[in-house]
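Report on one structure; see the data block that follows.
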Amino acid sequence: MIITKKREVQELMENIKNYKSFFLIGCSECASLCGTGNQEAIDALTEALKAEGKDVTGGFVPKTGCQVLGTKVELKPFKEALDKSDCILVMSCGAGTQAAVEIFEDKPVYPTNDSLFLGNMTRFQMFDERCSLCGKCILDKTGGICPVTACPKGILNGPCGGCKDGKCEVSPDIKCAWVRIYERMKRLDKLQELCDTVLEAKDWSQNIKPRTLATRPEKKEEKKK
Amino acid sequence: MSFKDILNSGKFVVTAEVGPPKGTDIKEMIHHIELLKGKVDALNVTDNQSAVMRICSMAVCRICLDHGVEPILQMTCRDRNRIGLQSDLLGANILNIKNVLCMTGDHVLAGDHKQAKPVYDLESVQLLSVVNSLNNGKDMSGNDLKGSTDFFQGAVVTPEANPLEPQLIKFEKKVRAGAKFFQSQAIYDINKFKEFMQYARKFPVKVLAGIVVLKSAGMANFINNNVPGIRVPQELIDELKAAGKDKALDTGLNIAARHIKQLKEENICDGVHIMAIGMEDKVPIIMERAGLL
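Heads up: the sequence lines are chains A and B, in that order.
The letter at position 100 of the first sequence is residue 119 when you use my numbering, and the numbering goes up by one with no holes.
The letter at position 271 of the second sequence is residue 546 when you use my numbering, and the numbering goes up by one with no holes.
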């Protein structure tokens, strides 16, 4: 999921100081699991805005805030409250904010969160980054642990000289990605494979932004079926 | 004779290090280069060591050549992508810089520009392959070069890494990627290093043992607690402690000289790489005491 972090109220207030009334949009997916875009978060921000003398005309948690058409449809019943607001605040990720930007062409839209990374939830509202969405997966070669993400240098062929007692040179809180890969390959009796595999430099052309993807079948084919 | 030829001749080689300064005043650095001229077989020039921004390695390598010292260009992958690295390699080669030490490089968080974007488009094993490829007239994308390079490429190894096996797997990958020589992280336990060399001798590469002078027992303890892949044995710490404050450095120089002598006399490895870290003027003293001058 996309991990988001709530911005400090002061930073938010500075951004929206010229606006008076707000409509708040959350998201029931990632931002809800992060506690940044669920109903409770909307209620809390509503209180905070009111305390600063602002009006809140309404709020809603769409099912998937980054889904442009679905969110647009879900927001239709809130037309009156939306019209009354002079600014939209989006309480999800950067994708959710930009969905709202697309939906509300004539209204200012501001994010209330910072979007951090694609994360795994390890415990309740505790997240860590395991995948960088690099565009070409190498997990099949690295025992299922991604060194592009887990190693701060993204090294593809073994630990650097900074590995100390199995810990990363960047932080003693991080276990060396390549020691983890080594230990897992050893457990799976695949050390020879690890020795034999030299990974070539990554093809970063797979990562040129902005990326798009269309996987739905052609409409004609749908009709045939 | 070039560093490569000396190393291949079987002579016990000595390399030392010059750290480019931060700023354009190079008087002290040139003094150090002059001091080591004719004594060491080659001088490593560090590449923004510890991720602290300084004069680039390539310029100082050229200055070494101008002063009659053969340089080893240290090249990290931290600050340049594959285009920058290859371009600098071609540039270095036409400046007559023929030795390159390929490293991944300390993370920017270790240095003085912590907000910098780390590059790491390549890493040490891949950079070695790139050098190999440039030597064979092709760039990384397989394009023909108009004139190939003639680098003698090396890499680093940490014989006392913990855990060791993943490091050794990487060592072998570096050998397969074309490394011809290795300079090791500092070693203090000669018997342990002998074990490593028994393993390393299976490969067609030259190995230079890393020597870092201990200035005091405090420095030794600091290394043990903070520096990855280096362990100073307790008996050396005791020896430094027993020497007292005034004699500690002199004892440290003796330890370095004694280790070098043993490495050479017992034919344990192919040479040493002395990292003086600000004490370049002590390198000739160590060499003298080791019987190398």
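C-beta atoms are modelled at their ideal positions from N, C-alpha and C, and glycine is treated no differently.
Proximity to residue i [Cα-Cα], best of the options
{"i": "Cys106/A", "options": "Gln144/A, Glu237/A and Val120/A", "result": "Val120/A"}
{"i": "Gln86/A", "options": "Ser104/A, Ala63/A, Glu212/A and Ala114/A", "result": "Ala114/A"}
{"i": "Val480/B", "options": "Asn319/B, Gly493/B, Asn466/B and Gln458/B", "result": "Gln458/B"}
{"i": "Ser284/B", "options": "Lys389/B, Leu420/B and Met276/B", "result": "Met276/B"}
{"i": "Ser408/B", "options": "Pro393/B, Ala391/B and Phe426/B", "result": "Phe426/B"}
{"i": "Leu175/A", "options": "Gly162/A, Lys183/A and Lys186/A", "result": "Gly162/A"}
{"i": "Gly173/A", "options": "Asp381/B, Ser416/B and Pro438/B", "result": "Asp381/B"}
{"i": "Pro89/A", "options": "Ile122/A, Pro178/A, Ala70/A and Leu108/A", "result": "In the sequence under discussion, the amino acid at residue 89/A is Gly, which differs from the Pro named in the question. When each option's Cα is compared against that of Gly89/A, the closest is Ile122/A."}
{"i": "Gly72/A", "options": "Asp222/A, Phe146/A, Lys25/A and Lys39/A", "result": "Lys39/A"}
{"i": "Pro81/A", "options": "Ala70/A, Val75/A, Asp74/A and Glu93/A", "result": "Glu93/A"}
{"i": "Met415/B", "options": "Ile369/B, Gln361/B, Lys477/B and Ala452/B", "result": "Gln361/B"}
{"i": "Leu403/B", "options": "Gly417/B, Met378/B, Thr424/B and Gly386/B", "result": "Met378/B"}
{"i": "Asp125/A", "options": "Ser104/A, Leu218/A and Leu213/A", "result": "Ser104/A"}
{"i": "Asp525/B", "options": "Gln473/B, Glu540/B, Met554/B and Glu541/B", "result": "Met554/B"}
Where residue i sits in the DSSP three-state scheme
{"i": "Gln428/B", "result": "strand"}
{"i": "His548/B", "result": "strand"}
{"i": "Asp208/A", "result": "coil"}
{"i": "Thr90/A", "result": "helix"}
{"i": "Pro346/B", "result": "strand"}
{"i": "Lys244/A", "result": "With a pLDDT of 48 at Lys244/A, under the threshold of 50, the modelled position of that residue is not reliable, and the figure given next carries that caveat. Coil."}
{"i": "Leu31/A", "result": "helix"}
{"i": "Asn139/A", "result": "strand"}
{"i": "Val614/B", "result": "Because chain B in this structure spans residues 276 to 568, residue 614/B falls outside the shown range and cannot be described."}
{"i": "Ala454/B", "result": "coil"}
{"i": "Gly78/A", "result": "strand"}
{"i": "Asp381/B", "result": "coil"}
{"i": "Ser134/A", "result": "strand"}
{"i": "Gln460/B", "result": "strand"}
{"i": "Glu71/A", "result": "coil"}
{"i": "Val167/A", "result": "helix"}
{"i": "Asn418/B", "result": "coil"}
{"i": "Leu232/A", "result": "coil"}
{"i": "Lys557/B", "result": "helix"}
{"i": "Ser40/A", "result": "strand"}
{"i": "Thr351/B", "result": "strand"}
{"i": "Tyr395/B", "result": "coil"}
Beta-carbon contacts of residue i that lie in its chain and below 8 Å, excluding the five residues immediately before and after
{"i": "Pro503/B", "result": "Thr433 and Ala436"}
{"i": "Lys244/A", "result": "Unreliable placement is indicated for Lys244/A, whose pLDDT of 48 sits below 50; no coordinate value is reported for it."}
{"i": "Lys209/A", "result": "Gly162"}
{"i": "Gly181/A", "result": "Cys187, Glu188 and Val189"}
Under 8 Å by beta carbon: chain A residues contacting residue i
{"i": "Arg355/B", "result": "Going along chain A, no residue has its Cβ under 8 Å from Arg355/B, so there is no contact; the nearest lies around 13 Å."}
{"i": "Gln460/B", "result": "Gly180"}
Contact set between residue i and chain A, taken where Cβ atoms lie within less than 9 Å
{"i": "Arg451/B", "result": "Val217"}
{"i": "Lys392/B", "result": "Those within 9 Å of Lys392/B in chain A number zero; the least Cβ separation is about 12 Å."}
{"i": "Gly504/B", "result": "Gly180, Gly181, Cys182 and Lys183"}
{"i": "Thr321/B", "result": "Those do not exist, as Thr321/B stays about 14 Å from chain A at its closest Cβ, beyond 9 Å."}
Whole-Å CB distance - residue i paired with residue j, under 8 Å assumed
{"i": "Ser399/B", "j": "Ala430/B", "result": "6 Å"}
{"i": "Gly56/A", "j": "Cys46/A", "result": "4 Å"}
{"i": "Cys153/A", "j": "Thr23/A", "result": "Cys153/A to Thr23/A, Cβ: 21 Å. No contact."}
{"i": "Lys160/A", "j": "Gln225/A", "result": "Not a contact, Cβ separation roughly 16 Å."}
{"i": "Ala326/B", "j": "Arg353/B", "result": "7 Å"}
{"i": "Arg329/B", "j": "Pro295/B", "result": "5 Å"}
{"i": "His548/B", "j": "Ile486/B", "result": "7 Å"}
{"i": "Val189/A", "j": "Leu397/B", "result": "About 19 Å separates the two Cβ atoms, so there is no contact after all."}
{"i": "Val28/A", "j": "Ala67/A", "result": "6 Å"}
{"i": "Met550/B", "j": "Glu292/B", "result": "5 Å"}
{"i": "Gly84/A", "j": "Ala118/A", "result": "6 Å"}
{"i": "Ile561/B", "j": "Val488/B", "result": "7 Å"}
{"i": "Leu318/B", "j": "Pro346/B", "result": "5 Å"}
{"i": "Asn132/A", "j": "Lys25/A", "result": "6 Å"}
Same chain, Cβ closer than 6 Å to residue i, five either side skipped, listed in chain order
{"i": "Leu101/A", "result": "Phe42"}
{"i": "Val482/B", "result": "Phe457, Ala475, Cys544 and Asp545"}
{"i": "Val288/B", "result": "Ile281, Leu282, Asp316 and Gly546"}
{"i": "Lys516/B", "result": "Ala492"}
{"i": "Val507/B", "result": "Tyr463, Ala495, Ile498 and Asn499"}
Where residue i meets chain B, residues with beta-carbon distance less than 9 Å
{"i": "Lys172/A", "result": "Cys352, Arg353, Thr379, Gly380, His382, Pro393, Tyr395 and Glu398"}
Under 7 Å from the C-beta of residue i: neighbouring residues of chain B
{"i": "Leu213/A", "result": "Ile444"}
7 Å Cβ shell around residue i - same chain, five flanking residues per side excluded
{"i": "Pro166/A", "result": "Gly173, Ile174, Leu175, Ala196, Trp197 and Ile200"}
{"i": "Asn371/B", "result": "Leu340"}
{"i": "Lys469/B", "result": "Ile543"}
{"i": "Cys150/A", "result": "Leu137, Cys165 and Thr168"}
{"i": "Gln324/B", "result": "Gly294"}
Interface partners of residue i on chain B, CB under 8 Å
{"i": "Tyr201/A", "result": "Pro438, Glu440, Pro441 and Ile444"}
Contacts that residue i makes with chain A (C-beta to C-beta distance below 7 Å)
{"i": "Lys448/B", "result": "Asn176, Gly177 and Val217"}
{"i": "Thr433/B", "result": "Gly180"}
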